[in-house]
Structures are given as C-alpha cells and as structure tokens.
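> Residue numbers (our numbering): 403 to 912.
Questions regarding the structure given below will be posed in turn.
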Amino acid sequence: MSKNLEKFLSDVGAAIGSQFVDVRPETLARYGEHTLPAAPRVPDAVLFPSSTAEVQRVVQAANDHGIALYPISTGNNIGLGSRAPATAGQVVVDLGYRMNRILEVNEETCYAELEPGVSFQMLHDELARRGNKLMVSATSGPPHGGVLGNAMDRGAGYGPYFDHFGMLCGMEVVLGNGDVIRTGDGSLETENPLNWHVSKFSSGPSLDGLFAQSNFGIVTRVGIWLMPRPPMSKSFHFVFPDDDDIEQIIDLCRPLKLSNFVPTLFRVANDLYAMAPEERNSEYVKGSKVSFSDDGRKAMQARHGLGAWQVSGMFYGPSDEAIAPLIQRVRAHFERSGKARFISHEEAQAIPALKIAIDSMDGKPSASELGMLSWRPGSGNSWFLPGMPMVGRKALELNHLGRSIFAKHGMDYIVMHVASARFARGLHVLVWNKDDSDENARADACYRELTVEFAKRGVGVGRVPSDYYDLHAEQMIPELRKVSSALKRALDPNGVISPGKYGIYMEPRA
Ligand SMILES: Cc1cc2nc3c(=O)[nH]c(=O)nc-3n(C[C@H](O)[C@H](O)[C@H](O)COP(=O)(O)OP(=O)(O)OC[C@H]3O[C@@H](n4cnc5c(N)ncnc54)[C@H](O)[C@@H]3O)c2cc1C
C-alpha cells in the first residue's frame, strides 16, 4: 500500500469509522469482478459512507492525498461494468450500503426523494406498503439495481416514465472539489426549498445533465417523479414470423407513438432476446465459432409459440371496458400488415417471454430476464446500445449489419429495439463464455467492430460498458473531449472522481 493510500485510509477511517473502510482481499476481489472481456479491475479499498457530510469528508481526503474514487449506488450495472471501477486501483465508494433511505414519498405531487442505495425493489415495496397509489418505472434488469445509479447512467424503463434521468427533479451533489451543491430550487439559501422536486428549473443554467455519465461529482440525493398507479393496465402483443419483418414493425409502431396513442414504449424483441431467459444454447460446444443456427431458432420459436419478433406495449385506464377499444384499434392497425399474430394480455401472462414485458410496463421489478446471462456458460456479458430513427428501411439495414457482425465473431444475435416516436434504442446483448480465452477475445472484437461500423453510419450508443470508454470517446470530435476536460478541471481540479470514466480525463486524449 502506498504512503498516500495509507494516510488517506486513516483520515477516512477517522471521518466515517474504520469499520467502514474495507481492504480485505476477498472484498476487493468481489468489487473488481465484472462480466466484460477485460481482466478484473480490483480497487484498492471500498468505503461505506452514511451521509452527504461523510461523502464530502471522503472527497476532501482524496483531494488531500491524491486518491482516485469510484462512486457506485448499488453496483448492479451488469454488462456495463458491474461495480468495478473505471480503472484498477481506484477506491470504490459504495453509497448504497448505508445511504439507502427513502426520505420522502409525496402522493399529492407524485415524487419520491431518495438516497443512492434505494433499489427498484425497495421503492416498489414501499409504494405497495403505502397502498399502491404510485408506481415505480421498473427496468427489466436486476430488481436490486438502484433507482439513482440507473438514472445517473441514463438507464430506462418501458412505461410512460421510461426516461429515468428525465424523471429526476432536483439533486444534491458533492463536487470533485469537495463543495456540496443542490440543483434547481434546491440551491435557494433555505432548508426548505418548496419546489425542489416539482420544478426542474430555477433561474440560471441547468446543471443536472453534467452529472450523468460523467465524473464531475457524486450525487447523494435526488427527487424522482412517479406515475400514479392506474386502476387497470392491459398489455397487447404481436408476433411476427420473419427476421426482415423488422422493417414493417418499425413503420407500424411509429404513428402510434408520434400521436401518443400508445403511452408505453414498444418492446420489439427478437427470438433470442425473448426466449434466451428461459433457454440454454443447446448447440453450444466449447471452442465452436458458430452462431446458434436458424434451424435451432425456428425450433425454439415453435416451442414457445412465438416468432422472429415479438412486439409488446400496454394501455392504462379506469377499467377493462375503457381499454378494450384501444386494444381493438392497435390490433386492427398491426393486423393490416397480414403478418402480425395477436396475443392478448390474458394469454401473455402464461408466456414467460411476454410476462417480462408486462411486469416491466406495470411497474413490477422482476429478475426473470437475468436468465439470459446463462444462455452460454461462463458469465460473459456486455451490452452494445446503438439507436436508429424510426424508419423501417434503416432498421432493416442496421439489423442486417448487426447480425452479420455477430455471426462473423461466432456470437448469437440477441437484440431488442425499444421504440418511441422518432427513435429506437437497440439493446444488443453479447453473452459468451469468459472462461474460454478465444471466445472472450472474439466477444471483445465483436463489440469493437460493432462500435466502429455503426459509428461510420452515424450511429453512437446510449451507454458504454467500462472496457470501452476510450473507444467511444475516440469516435467523438476532439472539441467535445476538450470541453469535458475543461469541465473536469473546473469541478474536480485534482481529478479525484473516476478518472477515465466515459473517456473524461483532466487533459483530453489525442
Ligand atoms: C438482463 C439485464 C437486463 C437489464 N435491463 C435493463 C433495463 O431494462 N434498463 C436499464 O436501464 N438497464 C438495464 N440493465 C442494466 C443494469 O443492470 C441496470 O441499469 C442497473 O440498474 C444499473 O445498476 P445500478 O442501478 O446498481 O447502478 P450503479 O452500478 O451503482 O451505477 C451505475 C453508473 O452510475 C454511476 N453512479 C452510480 N451512483 C452514482 C452517484 N451517486 N453519483 C455519480 N455517479 C454514480 C456509477 O459510477 C456507474 O457508472 C439490464 C442488465 C441486465 C443484465
């Protein structure tokens, strides 16, 4: 241990209690693990502060001793880096362990004020305990993922409140220089800012966006807007038989979203995305370099009564009778294609692949989708997250490109497009055997080629797995990297917060 680290840990121990400073090898190994291709990024220590004041003391000590920190909320960022720091040796600040209080639930103006450790499951359970008047916007990821951490990485759900960063209203942040600020009306010189969690903007610039996917500060508290739970929710589903139907599907979804007729996003999941949570790759042989076969896919589709694509959405309303005509209208719209097969809400409840869509749109966290991580053995998983305009011919072109790159590297094409009015995010999931070094290298090469080929066609990504921060930053114009570095110098002059995260350094990389 370096002298600086020793002094830092001793100062931090005095500030937060030495029992909340963990340097045991087994703890460090656990926090260094992730599912990406690179080697584990083992931190030098893990800290468990209990309050904003303690986080501030930690940041001040890091400035005093030149130590790099890496904040996590619950550290369930599976496929994007888990809880491992941006680079090995950074000290993980695990906020979730002790800062996990729901500070307020306001049922009149429908928001909650949360600390970083509040998970989707915790918030869901608390809202249920209070009589289910409000609902959480659930992801289909780990129920123990944090609401705040997910929003800070610009994660998303599938219902009307899907934009988790967009639903934040009012933050408390410890900057890299040790100052504590509150955004919006929270910045008034008062202990009781009346509009902190109901109005996003106060006078002056809006700073909130600076703290998402960056390394300028540690967010210790947020307000998040919540949707009132409607008396009735009913999903609808359509199955399409062929891979190239994606062109028609995207063109069919677009007008229903542009007019806001359908309030949720559309989940447009291909066969493997929908069914892999329930299946294992029966064709997998260690060392094999081929993708799961088309015959295997057809057999799987038949087993589940599903197809090459499954489209899901949901309506909310006062009663069954009020929702029935809405579903009739969507059904007529999709069935005009001559290819869509309708599956009702009641039937879909019994189909695990569609039940995941129902739960996520109905505000119910569920661990079911995590089953897809066992599609192949060996726990490798990363997410390539490009997007596309809601134009069918573009969707077709990018799907052909994605599938061909997956096939070239012997990966199985697992994809779900999450479609809104003008744009769809494409969740491309790589699942591979990390214990096989050749397969691990191919998963890495596949991700890199996807990044470069999509960028050449004008397509960036929504979130970045931590192995690839620099790769994605390199796709950006140098002026952007210069601005990020200037902000870093202004807000974190000693560069103590997550150096390198999202490709942001004190000095821009050439
Ligand atoms: C099968 C599967 C399905 C998934 N489905 C979804 C999905 O539907 N939607 C979705 O969004 N994601 C999904 N994910 C991805 C991921 O698991 C979730 O987004 C998860 O909630 C993120 O982890 P977390 O909330 O614990 O955040 P953390 O791991 O704690 O943090 C995430 C990031 O935010 C930063 N951060 C955390 N806290 C702070 C803070 N207080 N201040 C500053 N920065 C901070 C961290 O440094 C890190 O970079 C899925 C993953 C899998 C494997």
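Every residue, glycine too, gets a C-beta built ideally from N, C-alpha and C.
Across which residues does DSSP place P727 in a beta bridge pair?
According to DSSP, P727 bridges with nothing at all.
> Specify the secondary structure class of I760 as computed by DSSP and reduced to three states.
If DSSP states are grouped into helix, strand and coil, I760 belongs with the helices.
> Quick check on the burial criterion: 16 or more other C-beta atoms within 10 angstroms. Buried or exposed for M634?
So M634 ends up on the exposed side.
> For A464, which residues in the same chain have their Cβ closer than 7 Å to its Cβ, ignoring the five residues on either side in sequence?
Correct list, in chain order: F410, L471 and V898.
> For R795, count neighbouring C-beta atoms within 10 Å of its own C-beta (all shown protein chains included) and say buried if the count is 16 or more, exposed if not.
Label assigned to R795: exposed.
> Let's see if you can read the secondary structure: which residues bound the alpha helix (DSSP H) around A875?
First-last of the alpha helix (DSSP H) with A875: Y871 to E876.
> Thinking C-alpha only, which one of A752, Q650, T853 and P632 is nearest N534?
For N534, the nearest C-alpha among the options comes from P632.
> Is there a Cβ of chain B sitting closer than 8 Å to that of F786, yes or no?
The displayed structure is made up of one protein chain only, and chain B is not part of it.
> Which residue spans inside the stretch 808-896 form an unbroken alpha helix (DSSP H) run of at least 4?
Runs of the alpha helix (DSSP H) inside the stretch 808-896: 839-858, 871-876 and 880-893.
> Inspect the beta-carbon positions of I651 and M792 and report whether they are closer than 8 Å.
No. Outside cutoff.
> Expressed to the nearest angstrom, what Euclidean distance is found between the alpha-carbon atoms of L382 and I418?
This structure cannot settle anything about residue 382, because the visible part of the chain is limited to 403 through 912.
> Kindly indicate which three-state DSSP category T429 falls into: helix, strand or coil?
DSSP places T429 in helix when its eight states are reduced to three.
> How would you write the range of the alpha helix (DSSP H) that S412 sits in, first residue to last?
Residues K405 to I418.
> Looking only at DSSP bridge pairs, what is Q712 linked to?
Paired residue(s): V641 and A671.
> Thinking just about the alpha-carbon of each residue, which of P779, P895 and Y871 is nearest to the one in D838?
For D838, the nearest C-alpha among the options comes from P779.
> The alpha helix (DSSP H) with D466 in it runs from where to where?
From DSSP, the alpha helix (DSSP H) with D466 extends over T454 to H467.
> For I469 and G491, I'd like the C-alpha separation in whole angstroms.
Near 9 Å, if we compare the C-alpha coordinates of G491 and I469.
> CB of L775 to nearest heavy atom of ligand 1: below 7 Å?
Because some heavy atom of ligand 1 lies under 7 Å away, the Cβ of L775 counts as near it: yes.
> Using three-state DSSP, classify L612 as helix, strand or coil.
Note: L612 maps to helix in three-state DSSP.
> According to DSSP, is G804 part of a helix, a strand, or is it coil?
Helix, per DSSP.
> Could you please give me the residues that DSSP links to L449 through a beta bridge?
According to DSSP, which records beta bridges pairwise, L449 is partnered with V423 and V495.
> Measure the beta-carbon distance from F564 to K636 and round it to whole angstroms, keeping in mind my assumption that it falls under 8 Å.
Not really, about 18 Å apart at Cβ, beyond 8 Å.
> For the alpha helix (DSSP H) that contains V520, what are its first and last residues?
No alpha helix (DSSP H) contains V520, which DSSP labels as neither H nor E.
> Between which two residues does the alpha helix (DSSP H) containing L658 stretch?
Note, L658: alpha helix (DSSP H), I648 to L660.
> Who are A558's beta bridge partners in DSSP?
Paired residue(s): D565.
> With a CB to CB cut of under 7 Å and the five nearest residues on each side skipped, what residues in its chain are close to L775?
Cβ neighbours of L775 beyond the five flanking positions: S781, N783 and V833.
> Would you check if there are 3 or more beta carbon pairs closer than 8 Å linking the stretch 700-714 to the stretch 849-862?
Counting Cβ pairs under 8 Å, fewer than three are found: no touch.
> Following a CB-centred definition, is L482 positioned closer than 7 Å to any heavy atom of ligand 1?
Yes.
> For ligand 3, any of its heavy atoms closer than 7 Å to the Cβ of P518?
Because ligand 3 does not appear in the structure shown, any question about it cannot be addressed here, the ligands present being ligand 1.
> Where does V793 sit, in a helix, a strand or coil, going by DSSP?
Coil.
> With a 10 Å radius around its C-beta and 16 neighbouring C-beta atoms as the bar for buried, classify H802 as buried or exposed.
Its Cβ having fewer than 16 others within 10 Å, H802 is exposed.
> Any heavy atom of ligand 1 closer than 7 Å to the Cβ of N783?
Flag set: Cβ of N783 near ligand 1.
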